[in-house]
Amino acid sequence: MSSFADLVAALLLLAGAFFCFTAAVGVLRFPDVITRLHAATKPQVFGLLLILTGIVVSQRSWQVAGVCVLVAAFQIATSPVSAHMVSRAAYRTGLWEAGDAVVDDLAQDLEKAGYLHPEDRVDDDLSAPPVP
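If you want it as structure tokens, here you go:
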């Protein structure tokens, strides 16, 4: 049984490393901020979950399992939030072209709120914060 568990753990670790590697390649190769964020969050989180599962299978300890569950929960909770905030900042600063989107709900919400895109401002005070 021990050799089978070690084989499963090794396969999980290799699969997790592969997903993390594809995330790194995606961050380097994809053309814009939104696709890079997709590559940085989706396969990276899945790869980390596979690696943590491999560690739990390999170590067979409640303490290790508890730490791995905490790490997984923290990663699952923070990764989408951070990607959302970075993509929203990229949208508002003009690093991403809204014309690439099929549906642009954020533009409608920002227009209702009175937000002016930095390129649309006519005043000289560009250091003033935009209207939320």
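Okay, so the sequence shown: first residue is 203 according to the numbering used here, each after it adds one. Beta carbons are placed, not taken as given, at the ideal position from N, Cα and C, and that holds for glycine.
- Counting along the chain, the unbroken alpha helix (DSSP H) around E313 starts and ends at D307 to A315.
- Across the structure, H286 and K244 are spaced so that their CA atoms are roughly 12 Å apart.
- For G296, no alpha helix (DSSP H) segment is defined, and its DSSP state is neither H nor E.
- The Cβ atoms of R238 and V229 lie closer than 7 Å to each other.
- By the Cβ neighbour-count rule, S289 is buried, with 16 or more other Cβ atoms within 10 Å of its own.
- Counted as a single uninterrupted DSSP element, the alpha helix (DSSP H) harbouring A242 occupies residues V235 to Q261.
- For A303, there is no enclosing alpha helix (DSSP H), as DSSP marks it with neither H nor E.
- In this structure, the alpha-carbon of D208 lies about 6 Å from that of S260.
- One alpha carbon belongs to Y317, the other to A291, and they sit about 13 Å apart.
- DSSP places F232 in no alpha helix (DSSP H); its state is neither H nor E.
- Rounded to the nearest whole angstrom, the C-alpha separation of A309 and L216 is 42 Å.
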